[in-house]
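A.B. asks: Chains as they are written, first to last, in the numbering used here: chain G, 682 to 906; chain S, 682 to 906.
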DNA sequence: CGTGATCCTGACCAATTGGTCAAACTCTCC
DNA sequence: GGAGAGTTTGACCAATTGGTCAGGATCACG
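1. What residue range does the alpha helix (DSSP H) around residue 837 of chain S cover?
2. Against chain S, does residue 902 of chain G count as a neighbour if the rule is that its beta carbon must be under 9 Å from one of theirs?
3. So, are the CB atoms of residue 741 of chain G and residue 725 of chain G less than 9 Å apart?
4. Just the Cα atoms here: how many angstroms apart are residue 709 of chain S and residue 758 of chain S?
5. Excluding sequence positions up to five away, which residues of its chain have a Cβ less than 7 Å from the Cβ of residue 795 of chain G?
6. According to DSSP, is residue 708 of chain S helix, strand or coil?
7. Whole alpha helix (DSSP H) runs in the region 700 to 779 of chain S with 4 or more residues, listed along the chain?
8. Considering only the beta carbon of each residue, do residue 731 of chain S and residue 813 of chain G sit closer than 9 Å?
9. Can you tell me which of the three DSSP states residue 808 of chain S falls into?
10. Would you check if there are 3 or more beta carbon pairs closer than 8 Å linking the region 870 to 890 of chain G to the region 816 to 833 of chain S?
11. What's the gap between the Cα of residue 763 of chain S and the Cα of residue 856 of chain S?
12. For a quick check, are the C-beta atoms of residue 777 of chain S and residue 737 of chain S less than 9 Å apart?
13. May I ask you to list, following chain order, the residues of the region 844 to 861 of chain S that have a beta carbon less than 8 Å from some beta carbon of chain G?
14. With a CB to CB cut of under 6 Å and the five nearest residues on each side skipped, what residues in its chain are close to residue 848 of chain S?
15. Is there contact here, the region 798 to 810 of chain G with the region 819 to 832 of chain G, by at least three beta-carbon pairs under 8 Å?
16. Tell me whether the beta-carbon of residue 885 of chain G lies closer than 9 Å to the beta-carbon of residue 802 of chain G.
17. Once DSSP output is grouped into helix, strand and coil, what is the label at residue 853 of chain S?
18. Check distances from the C-beta atoms of the region 811 to 840 of chain S to those of chain G and list, in chain order, the residues that come in under 7 Å.
19. If you follow the alpha helix (DSSP H) that residue 904 of chain S is part of, which residue opens it and which one closes it?
20. Among G:772, G:822, G:756, G:780, which has the Cα closest to the Cα of residue 805 of chain G?
21. What residue does the alpha helix (DSSP H) around residue 879 of chain G start on, and which one ends it?
22. Using the C-alpha atoms, what's the distance from residue 711 of chain S back to residue 807 of chain G?
23. By Cβ distance below 8 Å, which residues in the same chain neighbour residue 774 of chain G in space, the five residues on each side in sequence not counted?
24. Are residue 903 of chain G and residue 791 of chain G close, meaning C-beta to C-beta below 9 Å?
25. Tell me which residue opens and which closes the alpha helix (DSSP H) that residue 799 of chain G is part of.
26. For residue 897 of chain G, which of helix, strand or coil comes out of DSSP?
27. From the beta carbon of residue 706 of chain G, is the nearest beta carbon of chain S less than 9 Å away?
28. Strictly under 9 Å for the Cβ-Cβ distance: is residue 703 of chain G near chain S by that measure?
29. CB-CB under 8 Å to residue 850 of chain G, same chain, minus the five flanking residues each way: which ones, in chain order?
30. Can you round the beta-carbon distance between residue 745 of chain S and residue 723 of chain S to whole angstroms, since I take them to be within the 8 Å contact cut?
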């Protein structure tokens with residue numbers, strides 16, 4: 682027997698991919714509210730427990746919905762996860778996209794570092810969501826890494842290489858420069874528990890020190906000669 | 682009814698903590714072999730799936746044992762995890778311990794970076810084991826972080842600060858310097874999937890480029906004036 | 001206000017999973 | 001070679017978990 686007819690009674694607002702209708706703007710106010718609540722709850726749970734560690738019950742509870750109601754909006758746990766990653770992908774790549782050829786190269790890169798550090802402070806759950814995923818081999822986003830992400834990084838690596846060739850920044854491997862920026866900034870979100878366990882900071886005070894340190898680190902390493 | 686009498690027939694070689702007898706040297710050759718196989722299998726599975734994502738069946742299969750036989754050596758999944766973390770803790774802290782006041786400070790720190798990078802290449806599973814744990818809030822090792830690890834980092838931070846005060850390295854925040862070293866080196870183990878997806882390197886060739894980049898990064902940033 | 005579409009729920013199910021146990025097997029050492 | 005400790009296993013169990021379904025409640029709108 683077929684899973685679900687194309688059109689029948691009680692058909693939930695689910696697309697073929699299992700995602701709640703995203704672009705097809707026809708969303709009820711109720712859908713708007715619940716889908717948003719689900720994705721927010723899913724971010725909380727997935728980022729804190731990883732895909733396999735998260736349970737539908739946890740997500741449902743966090744979203745103040747019953748489990749069957751959850752599955753009315755998304756047809757499976759996988760579907761929620763996919764929708765969440767997909768929703769956050771743009772946010773995630775945005776900072777690197779803004780790295781542009783205008784302006785002083787060293788300033789431009791330091792500005793990128795600061796933006797990434799801000800994101801680690803303001804959106805730590807989003808960072809941990811991707812961290813969980815990648816640490817375990819990126820099973821759900823390998824295609825994105827090897828496709829759009831690689832393309833974007835290749836493009837920016839070219840830019841950095843050009844800056845180096847023009848003598849406007851020091852000669853460094855652009856790929857490893859980008860990796861180091863990701864590592865040092867996301868560290869404050871992904872390894873938050875360790876950072877706080879060691880520093881025991883009041884609030885987010887340590888982010889200011891981190892900003893100062895990273896500014897020094899990259900400015901000295903990138904300034905030519 | 683009591684869980685298990687202190688001494689009875691069929692009592693497995695399990696200590697109060699649920700760990701297989703570690704220091705009490707009285708281990709059979711069979712115990713030696715199986716416990717080692719279990720811990721190796723557990724490292725493989727836990728590092729790839731996280732604590733909750735790992736199953737006893739997976740670990741048992743990887744160790745070529747039946748599940749009940751697994752539980753003959755360790756009384757629970759938690760116990761295996763604890764034993765594993767405990768076994769690897771020293772390995773994990775060893776590089777930082779070797780940071781000593783002898784030698785030229787900049788060289789000493791760069792040497793530490795290289796050692797950490799070597800570990801990321803040679804022991805990526807161990808790195809990911811801890812990464813998984815910490816990303817999810819370090820529930821099983823928070824006490825270690827706040828205790829022995831913090832103490833060790835505090836000690837080394839003092840040393841670095843002294844070096845800075847003596848003008849032998851640049852004035853940088855020692856804690857954030859250490860965090861950045863952890864982040865940049867462990868990145869190649871923890872985010873291996875992403876690094877390889879973007880670089881598509883042959884074998885581990887990219888580690889040489891990483892070593893060059895990190896050497897430049899820290900040498901320029903730490904050399905005084 | 002009625003009707004069709006949307007939304008929600010309790011009850012239920014099969015598979016997975018951590019863990020137990022009694023019994024059988026095997027190794028060691030006298 | 002035999003006795004007792006150490007080792008292994010098949011069968012089993014309860015709890016959890018992802019997911020289903022039929023029917024009832026509610027909403028939007030003519």
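The beta carbon of each residue, even a glycine, is placed where N, CA and C say it ideally should be.
C.D. replies: Let me spell this out:
1. 831 to 846
2. yes
3. no
4. 22 Å
5. 892
6. coil
7. 710 to 734, 737 to 743, 748 to 754, 758 to 778
8. yes
9. helix
10. yes
11. 27 Å
12. no
13. 851, 853, 854, 856, 857, 858, 860, 861
14. 905
15. no
16. yes
17. coil
18. 812, 813, 815, 816, 817, 818, 819, 823, 826, 827, 830, 831, 834
19. Where residue 904 of chain S is concerned, there is no enclosing alpha helix (DSSP H), given that its DSSP letter is neither H nor E.
20. G:772
21. 873 to 880
22. 46 Å
23. 829, 830, 833
24. yes
25. 786 to 803
26. helix
27. At residue 706 of chain G, the pLDDT of 48 sits below 50, so the modelled position is not reliable and the matter cannot be decided from this model.
28. For residue 703 of chain G, the pLDDT reaches just 38, beneath the cut-off of 50, and the residue's location in the model is therefore unreliable, although a value from the coordinates is still provided. False, the Cβ-Cβ gap to chain S never drops below 9 Å.
29. 786, 787, 790, 841, 844, 903, 904, 905
30. So it is not a contact: roughly 13 Å between Cβ atoms.
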